[in-house]
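Taking it in order: structure first as structure tokens, then the write-up.
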Amino acid sequence: MGLVNLRTVLVKAREQGYAVGAFNFVNMEMLQGILDAAVEAHAPVIIQTTEGAIEYAGIGYLAALARTAAENAGIDVVLHLDHGKHLETVMHAIRHGYTSVMMDASDRPFEENLSITKQVVHIAHMVNVSVEAELGRLKGIEDTLRVGDAQASLVDPAQAQAFVRETGVDAFAPAIGTSHGAFKFKGIPRLDMERLERVALLTGIPLVLHGASSVPADVVSKANAYGAAIKGTAGVPDDIMKQAIKKGICKVNTDTDLRLSFTAGIREELTKHPEAFDLRNILGPARQAVKAMVLNRIEVFGSAGKSSAS
Ligand code: TD3
Ligand code: ZN
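Below, the structure is given as structure tokens:
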């Protein structure tokens, strides 16, 4: 079974009211942890890399890992470019076998975002690659970029409607109050559900929630117990996540949760076994921690048992 595009997994998710996890990876162990979980749950899965991940690992390595992972998985796997900021990166990803791309020109003026996205959709659809785009801006650490309070904004539903209609994108990411990273809310976590509902109604296509990590307190505590100093964290609570899925979120972007699990796992091993230096003994348990986290997310997203491939 080769890689499939977003449409293959999101159309059914929208119809049936669940969401597909979109998990970021930067190395083999993270990817294996994600795939092991998805295969065990027989859940469709989206694996994605940012431009920063591509810079770090090399697109050839990432694409080859993804292809190998999908080959014998027996589930639907999408390889997606997350936050593609440049047309060149998007083209590069398509040439390397990515089956889906995000053209993220959300930091540019509306008209410019619209015209570049339209261009990408035109090209991508010729080769059966799906396209995601975003309106509004999330704050936090987006890949290697820090977006501050002043630059952040929520999506305008009327603009979203026009944008989706004119570009023909396959999935749309509305900014509704989440942020990237481990520090999402100052007070009580809250998303703009009315805005989400409105966007769902007006666009009629699968929606994507960025900055959707749950940032579980027990994982952060574990990391801190083994030497981390990560304070003041806040993620999207599971009940809010489930509500958002009911209202049209079909793709849930998750990176921070995996980074926290992976590094907490590494810290635990190194602390418990200060004599250890065999990478397999250190990264193996960290890979298991990623798998456990992904299984937990799949449960919340409702995607277990939903893969059509076998
Ligand atoms: O696009 N991403 C993943 C990459 C951004 C940096 O983490 C997300 O929307 C997921 O965000 P998060 O931080 O909640 O996992
Ligand atoms: Zn994002």
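Using this note's numbering, the first residue of the sequence shown is number 1350, and each one after it goes up by one.
Built from N, CA and C at the ideal position, the CB exists for glycine as well.
It should be emphasised that the depicted structure is a prediction, and the values quoted were computed from it without experimental measurement.
Assumed close pair A1406, N1376 - CB separation to whole angstroms, cut-off 8 angstroms: Between A1406 and N1376, the beta carbon gap of about 7 angstroms places them in contact (Cβ cut-off 8 angstroms).
Inter-residue spacing [alpha-carbon to alpha-carbon] between H1435 and T1466: The straight-line gap from Cα to Cα measures roughly 11 angstroms.
Three-state secondary structure assigned by DSSP to G1560: Residue state, collapsed to three classes: coil.
CB of V1394 within 8 angstroms of CB of A1402, strictly: It is not a contact, given that the beta carbons lie outside the stated cut-off.
At least 3 beta-carbon pairs within less than 8 angstroms: the segment 1546-1555 vs the segment 1569-1579: Taking a contact to require three or more Cβ pairs closer than 8 angstroms, the segment 1546-1555 and the segment 1569-1579 do not qualify as touching.
Three-way DSSP call (helix, strand, coil) for F1374 in this model: Coil at F1374, not helix or strand.
Cutoff 8 angstroms: H1391 Cβ touching any chain B Cβ: Considering every chain present, this structure includes no chain B. It has just one protein chain.
Cβ-based burial, P1506 [other Cβ within 10 Å; buried from 16]: Sixteen is the threshold: when 16 or more other Cβ atoms of the shown chains lie within 10 Å of the Cβ of P1506, as they do, the residue is buried.
8 angstroms Cβ cutoff met for S1656 and Y1367: Contact flag unset, no.
Selection from R1544, G1536, V1518 that minimises the alpha carbon distance to P1555: Comparing alpha carbon positions, the residue from R1544, G1536, V1518 closest to P1555 is V1518.
Spatial distance of K1640 from K1596 (CA atoms): Near 27 angstroms, if we compare the C-alpha coordinates of K1596 and K1640.
Limits of the beta strand (DSSP E) - the one that K1596 falls within: Per DSSP, K1596 lies in no beta strand (DSSP E) segment and is marked neither H nor E.
Distance between D1587 and V1649 (C-alpha atoms, nearest Å): Cα to Cα, V1649 sits roughly 7 angstroms from D1587.
Backbone CA spacing between M1475 and M1542 [nearest angstrom]: Spanning the two alpha carbons is a distance of roughly 35 angstroms.
Under the three-state DSSP convention, the category S1570 falls into: Helix at S1570.
Beta-carbon spacing of H1429, Y1410 below 8 angstroms: With respect to Y1410, H1429 sits apart: the two C-beta atoms are not nearer than 8 angstroms.
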